[in-house]
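So the sequence lines, in the order shown, correspond to chains H and X. Counting with our numbering, you get residues 1 to 272 for the letters of the first sequence. Counting with our numbering, you get residues 1001 to 1205 for the letters of the second sequence. Using N, Cα and C, we set each Cβ at its ideal position, and we do this for glycine too. Predicted model, so just to flag it, every value in this text is computed and none were measured. Below you'll find the structure, written out as structure tokens, and then a few comments.
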Amino acid sequence: MNTNSNAYTIGYASIMVIIVAFLLAFISSSLKEKQTENVKLDTKKQILSALNIKDGDVAANWENVSDFILNADGTLSAYDGDFRTNYSDTTELHVFESNVNGEKKYVFPVRGAGLWGPIWGYVALNADKNTVYGTYFGHEGETPGLGAEITKPFFTEQFVDKTVSRDGNIVLSVVKNGKVSDSSCEVDGISGGTITSKGVDEMLKSCLKRYSAFLSSAAADATSGATKVENAAQDSAAAKMAAVDSTVCALKDTLVAKADSIVKEVKDELKK
Amino acid sequence: MSNLKETFLTPLGLNNPVAVQVLGICSALAVTAQLEPAIVMGLSVTIILALANVVISLLRNTIPNRIRIIVQLVVVATLVTIVSEVLKAFAYDVSVALSVYVGLIITNCILMGRLEAFAMANGPVDSLVDGIGNGLGYAIILVIVAFIRELFGAGTLFGYQVIPDCLYEAGYMNCGLMLMPPMALIILGCIIWAMRAKNPELQEK
Chain H
1 MNTNSNAYTI GYASIMVIIV AFLLAFISSS LKEKQTENVK LDTKKQILSA LNIKDGDVAA
61 NWENVSDFIL NADGTLSAYD GDFRTNYSDT TELHVFESNV NGEKKYVFPV RGAGLWGPIW
121 GYVALNADKN TVYGTYFGHE GETPGLGAEI TKPFFTEQFV DKTVSRDGNI VLSVVKNGKV
181 SDSSCEVDGI SGGTITSKGV DEMLKSCLKR YSAFLSSAAA DATSGATKVE NAAQDSAAAK
241 MAAVDSTVCA LKDTLVAKAD SIVKEVKDEL KK
Chain X
1001 MSNLKETFLT PLGLNNPVAV QVLGICSALA VTAQLEPAIV MGLSVTIILA LANVVISLLR
1061 NTIPNRIRII VQLVVVATLV TIVSEVLKAF AYDVSVALSV YVGLIITNCI LMGRLEAFAM
1121 ANGPVDSLVD GIGNGLGYAI ILVIVAFIRE LFGAGTLFGY QVIPDCLYEA GYMNCGLMLM
1181 PPMALIILGC IIWAMRAKNP ELQEK
């Protein structure tokens, strides 16, 4: 057979393309379910990792986490749809809530761009909605040893206890390595991974900004919530009372002791 | 038998795809900042190259001459896609570790080079051995470069610190330049230099 004729060449190419197309379509569709399952599990693992839960069964640990959507007025409503693995759509803002050691924590998904491709992360905040509890960062193809270092604990742990926002502005930031001027809200970037570090910085600022209605609601609670102020006042009054009580008790004790010793001295002198 | 052995051994040394034929340099620069991705990449290329070599070798008498490069590319791309899909379903952690490198395999010149130069002219068994040999030849160079870069660039191997703290206290510093891509090219250049100096038959007259 002449393998160089036009008809053979065209026929060969067509058959090859059809076979390959069917093969890939078959493999892709038959593995799809398992793959989505894996991606979901991995996303949950990343969120748990931001909450510093790194051991144990992911599904079991996940029982403790609930998925919410942020409303425009800063309140949360429960999300009952399918668990999402992609949070780049910003029309629906997700917040995860969990109890870790009896304290409420909130996790916010963040999305951005690094040097070579997308980067993403999850930022867990304490109940005050203003200090960082833990972070997780992921990337698709940043340079190993440079930008890819954002996933390493030495980088993610720097964020712990940093302040997120001040006066309605997001102040949590990543600065050039060794250029930290305000250690309450700035962390060191990766040297040699400048563009990825900048990407993390921009990602945190732009994504957390979208949650400002929710983040500032914590501050509002503390200042305008009259009951809280009252409670605080009562608490401090009670504390002062207790302090006064204890000093009175102490005085009484010393007085009694002194009186006792005087009586003893008088008795001694009388005996003489 | 000795022929097979030769097919397997020459790409590891005297006919190394990276150090002698200078193929696949781009990926060698990209993944050698650390040992782990270098090893993973080396093994992936070995597996894909061996499979692609066998497939092309089986098809070699039917492939129309004018579109043979396209056929080779389609075979490589299909295999890479299948491997990456299977990894995503059954070994998700590995597929995350590989991330974009799997896709990079398609553009690796070594694959096209071996398919065109060897598999198109030899039987499936020879081609399998040739694929494994060339893949490992590529992996060895990657591992050597990555070892040097990670050790001197970050003071670690496989992510674990190996340079003792007392050396750092004595004023030793990691060489940040080692982690930059140009350093991979320089180390590779040194390896090629050393190989040529040791084997005069490699030198052009």
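- For leucine 24 of chain H, the enclosing alpha helix (DSSP H) begins and ends at 6-50.
- Phenylalanine 108 of chain H is bridged by DSSP to H:Val123.
- Put simply, the CB of aspartate 57 of chain H is far from chain X, with every gap to its CB atoms at 8 Å or more.
- Within 10 angstroms of the beta-carbon of arginine 166 of chain H lie fewer than 16 other beta-carbons, which makes it exposed.
- Per DSSP, reduced to three states, the secondary structure at isoleucine 1069 of chain X is helical.
- By a beta-carbon distance limit of 8 Å, isoleucine 170 of chain H does not contact isoleucine 150 of chain H. Their separation comes to about 18 Å.
- Listed along chain X, no residue sits closer than 8 Å to glycine 168 of chain H by beta-carbon distance, the nearest being about 37 Å off.
- When secondary structure is reduced to three states using DSSP, glutamine 158 of chain H falls in the helix class.
- By the CB criterion at 8 Å, leucine 1098 of chain X and leucine 1087 of chain X fall inside the cutoff.
- Annotation: Cβ neighbours of arginine 1066 of chain X in chain H (cutoff 8 Å, chain order): Asn4, Thr9.
- Minimum Cα-Cα distance from valine 1096 of chain X among the listed residues X:Pro1037, X:Ile1186, X:Leu1151 corresponds to X:Pro1037.
- Under the three-state reduction of DSSP, glutamate 103 of chain H is assigned to strand.
- Using a Cβ-Cβ cut-off of 8 Å, glutamine 35 of chain H counts as an interface residue toward chain X, since at least one Cβ of chain X sits closer than that to its own.
- Here cysteine 1026 of chain X is exposed. Its C-beta has fewer than 16 other C-beta atoms within 10 Å.
- Per DSSP, valine 1102 of chain X is one residue of the alpha helix (DSSP H) stretching across 1101-1106.
- Residue-level contact check: glutamine 1034 of chain X touches chain H, since one or more beta carbons of chain H fall below 8 Å from its beta carbon.
- Considered as a whole, the segment 1017-1090 of chain X harbours 1025-1030, 1035-1059, 1068-1090 as its complete alpha helix (DSSP H) runs of no fewer than 4 residues, in chain order.
- Note that the segment 1067-1083 of chain X touches the segment 19-36 of chain H; at least 3 beta-carbon pairs, one per stretch, sit closer than 8 Å.
- Residues of chain H whose Cβ lies closer than 7 Å to the Cβ of glutamate 1085 of chain X are, in chain order, Ile27, Ser28, Leu31.
- Note on geometry: alpha-carbon atoms of glycine 193 of chain H and leucine 146 of chain H lie some 5 Å from one another.
- Looking at the DSSP output, isoleucine 170 of chain H bridges to H:Ser165.
- Under the three-state reduction of DSSP, aspartate 128 of chain H is assigned to coil, being neither helix nor strand.
- Among the residues facing chain X, tyrosine 12 of chain H is included, as its CB has a counterpart in that chain under 8 Å away.
- If you draw a straight line from the Cα of glutamine 46 of chain H to the Cα of aspartate 161 of chain H, it comes to about 19 Å.
- For alanine 1184 of chain X, the enclosing alpha helix (DSSP H) has its first and last residue at 1181-1198.
- Its Cα nearest to that of valine 1045 of chain X, the residue X:Gly1131 stands out among X:Gly1131, X:Asn1015, X:Met1173.
- It is roughly 49 Å from the alpha-carbon of serine 29 of chain H to the alpha-carbon of serine 184 of chain H.
- Valine 180 of chain H has its alpha-carbon roughly 52 Å from the corresponding atom of leucine 251 of chain H.
- Shown here is that no member of the segment 69-88 of chain H has a Cβ falling below 7 Å from a Cβ of chain X.
- Contact of valine 20 of chain H with chain X by beta-carbon distance below 8 Å involves Val1074, Thr1078.
- Look at valine 187 of chain H here: in three-state DSSP terms it is strand.
- In this chain, isoleucine 1110 of chain X is not harboured by any beta strand (DSSP E); it is covered by the alpha helix (DSSP H) spanning 1109-1114.
- Separation of phenylalanine 1158 of chain X and glycine 81 of chain H (C-alpha to C-alpha, rounded to the nearest whole angstrom) is 41 Å.
- The three-state reading of DSSP puts leucine 93 of chain H in coil, since its state is none of H, G, I, E or B.
- Rounded to whole angstroms, lysine 40 of chain H and alanine 1089 of chain X show a C-alpha spacing of 12 Å.
- In this structure, the beta-carbon distance from valine 1031 of chain X to proline 144 of chain H falls below 8 Å.
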